[in-house]
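One structure is given here, and the rest of the page talks about it.
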Amino acid sequence: MGGAPARPGPSSVSRLVVRDVAIAFGGVVALDGVDLELGAAEIRGVIGPNGAGKTTLLNVICGINPPDRGEITLDALPLVGLKPSVIAAHGLGRTFQATQLFRGMTVLENVMTGLHGRLDEGVLGAVFRSRRLCDAEAQAAARAREVLAFVGMEKFEERLATELSFGQQRVIEIARALISEPRVLLLDEPAVGLSLNRIVEVDSLMRRIRDERGVSILLIEHVIRLVMDVSDRITVLSHGRKIAEGRPEAIRIDAAVIEAYLGKDLHAGSPAP
Amino acid sequence: MRALAGRRNVLALAGLVLLVLPALANPYILYVANMALIYVILAVGLNVLLGYAGQFAFANAALFGIGAYATGLLQVRLGLSFWIAFPAAVVVTTLIGLVVALPALRLSGLYLALVTLAFAQLTQWLMLNWERVTFGAGGFKVPPLTFGPLPAALGLYYLSLVLAGLLVGGAWNTVRSGIGRALVAVRDSEVAAEALAIDLARYKAIAFSISALYAGVAGGLYSAILSFVAPEGFDLFQMVVQFSMVVVGGLGSVWGSVLGAGLLVTLQEALRAFKGGQEIAFGLVLMVCIVFLPDGIISLVKRRARGWEEPLRAPDRRA
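Chains A and B, in that order, give the protein sequences.
Quick note: the first sequence uses numbering that gives the first Met the number 0, first residue 0, plus one each step.
Quick note: the second sequence uses numbering that gives the first Met the number 0, first residue 0, plus one each step.
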């Protein structure tokens, strides 16, 4: 790795480090040497035009698509080559662009399922419903209620997940990812399709997740206002490459970013917003 | 009345009736009850795989047959006693079920159905044509069982009752634990399950081995109750019968499968006199249930009586 000095960020500790990650699908390069360091308790926005490789970056980090080259570490643990379930057990939580709640479960059961990696029940304990298992189940339910209260959804615990509104399902999905106390949370467009009021709620929920739970968040989002408002730093991708990185104020006026979004000619003819 | 018909009371009553049944019933009724117990085991095991884990596999009839053949052949070919042959056959069936699970780790939906269907056909073919081992199409007789002073039919009935009780209870406990949630998670969204640290391969293997274990136990008991094993009992119609029990009772409901198996075995016996009546009745019941009671007969019970709640729900039909 050659003794590269640690880059200063909002925090000197980097939780998630992505270095020179590249992946191609059938000749189409989706990521082409992306670097990213997510600090402790940082909210990092990842933006870019459609097809920039944002969701691919999430899928590569969480193990669904192993990269062709590059390294990814979570608190110095190399993740490349591990199964998604193993990576999740190491403290990486995520949500999905199209909400993936379990349709056959209540809200409480959905959130309890998030505790799977931490639940030590054993097959025999389950079959004979041991005392230890009953205690573990009761604790799991209590923790699920605690997390539901944290996100403000405790009223809905007995409802079927599919009976809730789109925005509520989004929040339940975040609760389900939070219950296992991940160190890093990947959020894939949590605000897409939400009303303005809901977006404000998601904004404050993300800050509370960072501040009260110390979780680092990697946020992919198209709602630029939300990203600009909530992110500590922003990484901009375009055509699978990182074209800019920095504080929201700086990104807002970055020439390369404006060009990527608006095109060269347009940019040349109009002043920066 | 609604409170009296709660699950605890009904189960206690049913258990009591089943315990004293041999004193009240004639040998025929006892035989039918024993058959019902065997199908309860089959249906509950299949529901774990199909209703909870959502694996659309057609291997259960073949595994049922493998359990019966292994129990019988270990006695006839190797001279083992039933008490060794039966558990050994259950182990063999479970291991074969795990092998069937291997393609399921890569395939799903239609492709899994096709591969397991091929496995079922291959098993049928081996039963028919591997005559040096299986005795071919004519089948073979199994030595009659003895239970010390008890009449064989009575001993077998109580053995089936104890095993059915243990296996239904075990399945009920399993689906109420984190394992049940993990199975339903795999069914409802594989990608989300993985993101929650659920190992897909492990839970698919668990689901397949549970259903194979249950099919093995049922097969061993089946070979003993008939004292005879032949290929035709384990064909595609057997698979239809088991699917019907699970669907009519209620996908994703342990108690639904108990109910479905009991009802359909009774129906099958009631129609024994009418040639072709069984197939027609099965088809009708299945269609009526899918159209009017898609969550099975258990959904009626849950609506009418209190205390029948179960964790987790049936798979979403629109998905």
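Ideal placement from N, C-alpha and C gives every residue a C-beta, glycine not left out.
Just so we're clear, the structure is a prediction, and the values are computed from it rather than from any experiment.
Reduced DSSP secondary structure (H/G/I, E/B, other) of residue i
{"i": "P65 of chain A", "result": "coil"}
{"i": "P102 of chain B", "result": "helix"}
{"i": "A267 of chain A", "result": "In this prediction, A267 of chain A scores a pLDDT of 46, lower than 50, which makes its location untrustworthy; the coordinate-derived value is nonetheless stated afterwards. It is helical."}
{"i": "R271 of chain B", "result": "coil"}
{"i": "A5 of chain A", "result": "Note that A5 of chain A scores a pLDDT of 41, beneath 50, so its modelled location is shaky; the value from the coordinates is reported in the next line. A5 of chain A: coil per DSSP, three-state reduction."}
{"i": "D31 of chain A", "result": "strand"}
{"i": "K140 of chain B", "result": "strand"}
{"i": "R186 of chain B", "result": "helix"}
{"i": "S237 of chain A", "result": "strand"}
{"i": "G232 of chain B", "result": "helix"}
{"i": "S10 of chain A", "result": "Below a pLDDT of 50, predicted positions are generally treated as unreliable, and S10 of chain A, at 46, falls in that range; no measurement from the model is reported."}
{"i": "I46 of chain A", "result": "strand"}
{"i": "I242 of chain A", "result": "strand"}
{"i": "R305 of chain B", "result": "coil"}
{"i": "G113 of chain A", "result": "coil"}
{"i": "A318 of chain B", "result": "Confidence at A318 of chain B is low in this model, with a pLDDT of 47, below 50, so its placement is unreliable and the value that follows should be read with caution. A318 of chain B falls in the coil class under three-state DSSP."}
{"i": "E162 of chain A", "result": "helix"}
{"i": "V253 of chain B", "result": "helix"}
{"i": "P148 of chain B", "result": "coil"}
{"i": "E36 of chain A", "result": "strand"}
{"i": "E157 of chain A", "result": "coil"}
{"i": "L48 of chain B", "result": "helix"}
{"i": "P272 of chain A", "result": "No answer about P272 of chain A holds up, because its pLDDT of 43 lies below 50 and its placement is not dependable."}
{"i": "M0 of chain A", "result": "Model confidence at M0 of chain A stands at a pLDDT of 39, short of 50, so the residue's coordinates are unreliable; what they give is reported in the following sentence. Reduced to three states, the DSSP call for M0 of chain A is coil."}
{"i": "I178 of chain A", "result": "coil"}
{"i": "L79 of chain B", "result": "coil"}
{"i": "T265 of chain B", "result": "helix"}
Test item: CB-CB of residue i and residue j under 8 Å
{"i": "S256 of chain B", "j": "V43 of chain B", "result": "yes"}
{"i": "F273 of chain B", "j": "V239 of chain B", "result": "no"}
{"i": "G137 of chain B", "j": "A229 of chain B", "result": "yes"}
{"i": "I173 of chain A", "j": "T94 of chain A", "result": "yes"}
{"i": "L270 of chain B", "j": "H115 of chain A", "result": "no"}
{"i": "V201 of chain A", "j": "A190 of chain A", "result": "yes"}
{"i": "G251 of chain B", "j": "A313 of chain B", "result": "yes"}
{"i": "L36 of chain B", "j": "A119 of chain B", "result": "no"}
{"i": "L147 of chain A", "j": "V122 of chain A", "result": "no"}
{"i": "A67 of chain B", "j": "Y221 of chain B", "result": "yes"}
{"i": "G50 of chain B", "j": "V245 of chain B", "result": "yes"}
{"i": "Q237 of chain B", "j": "F85 of chain B", "result": "no"}
{"i": "V229 of chain A", "j": "M205 of chain A", "result": "yes"}
{"i": "V141 of chain B", "j": "G71 of chain B", "result": "yes"}
Residue interval of the alpha helix (DSSP H) (run including residue i)
{"i": "V214 of chain A", "result": "Per DSSP, V214 of chain A belongs to no alpha helix (DSSP H) and is neither H nor E."}
{"i": "L113 of chain B", "result": "108-128"}
{"i": "A60 of chain B", "result": "59-75"}
{"i": "D134 of chain A", "result": "130-149"}
{"i": "R175 of chain B", "result": "No alpha helix (DSSP H) contains R175 of chain B, which DSSP labels as neither H nor E."}
{"i": "S208 of chain B", "result": "199-225"}
{"i": "A125 of chain A", "result": "122-126"}
{"i": "N58 of chain A", "result": "53-60"}
{"i": "P247 of chain A", "result": "247-251"}
{"i": "E258 of chain A", "result": "254-261"}
Residue nearest to residue i in terms of C-alpha spacing, selected from the options
{"i": "R130 of chain A", "options": "B:S159, B:T122, B:S176", "result": "B:S176"}
{"i": "L76 of chain A", "options": "A:F165, A:G90, A:E244", "result": "A:G90"}
{"i": "V235 of chain A", "options": "A:G245, A:V229, A:R175", "result": "A:G245"}
{"i": "Y157 of chain B", "options": "B:L18, B:L94, B:F57", "result": "B:L18"}
{"i": "L225 of chain A", "options": "A:V199, A:G26, A:H238", "result": "A:V199"}
{"i": "F146 of chain B", "options": "B:K140, B:L155, B:Q123", "result": "B:L155"}
{"i": "A23 of chain A", "options": "A:T55, A:G44, A:E36, A:E188", "result": "A:T55"}
{"i": "R6 of chain B", "options": "B:L262, B:L258, B:L285, B:L149", "result": "B:L258"}
{"i": "I60 of chain A", "options": "A:G50, A:G47, A:V79", "result": "A:V79"}
{"i": "G47 of chain A", "options": "A:D231, A:V229, A:L218", "result": "A:L218"}
{"i": "V99 of chain B", "options": "B:L292, B:M286, B:L113, B:F139", "result": "B:L113"}
{"i": "L274 of chain A", "options": "A:L81, A:A249, A:Q167, A:G69", "result": "With chain A running from 0 to 272 in the structure shown, residue 274 of chain A is simply not present."}
{"i": "A39 of chain A", "options": "A:V256, A:R232, A:T112", "result": "A:R232"}
{"i": "V106 of chain A", "options": "A:A137, A:R128, A:L193, A:A143", "result": "A:A143"}
{"i": "R197 of chain A", "options": "A:G166, A:K82, A:D134", "result": "A:G166"}
Boundaries of the beta strand (DSSP E) in which residue i is found, first to last residue
{"i": "V222 of chain A", "result": "No beta strand (DSSP E) holds V222 of chain A; DSSP gives it neither H nor E."}
{"i": "L91 of chain A", "result": "91-93"}
{"i": "L15 of chain A", "result": "13-24"}
{"i": "V79 of chain A", "result": "Run containing V79 of chain A: none; DSSP gives neither H nor E here."}
{"i": "V183 of chain A", "result": "183-187"}
Proximity test, residue i beta-carbon vs the ligand NAP heavy atom, cut-off 7 Å
{"i": "I42 of chain A", "result": "Within the structure as shown, the ligand NAP is missing, as the structure has no ligands at all."}
Item to complete: Note down, in chain order, all residues in the segment 190-213 of chain B with a beta-carbon under 9 Å from any beta-carbon belonging to chain A.
Response: Closer than 9 Å at the C-beta level to chain A, one finds these residues of the segment 190-213 of chain B: V190, A191, A192, E193, A194, L195, A196, I197, D198, L199, A200, R201, I205.
Item to complete: Can you give me, in chain order, the residues of the segment 125-152 of chain A that have a beta carbon less than 9 Å from any beta carbon in chain B?
Response: For the segment 125-152 of chain A, which is checked against every Cβ of chain B, the residues closer than 9 Å are A125, V126, F127, R128, L132, A135, E136, A139.
Item to complete: Determine which residues of the segment 53-83 of chain A have a Cβ less than 9 Å from any Cβ of chain E, and write them out in chain order.
Response: In the structure shown, chain E cannot be found, because the protein chains are A and B.
Worksheet item: In chain order, what residues of the segment 290-303 of chain B put their CB closer than 8 Å to some CB of chain A?
Response: Answer in chain order: no residues at all.
Worksheet item: Between the segment 140-169 of chain B and chain A, which residues of the former have CB atoms less than 9 Å from a CB of the latter, in chain order?
Response: Answer in chain order: G168, G169.
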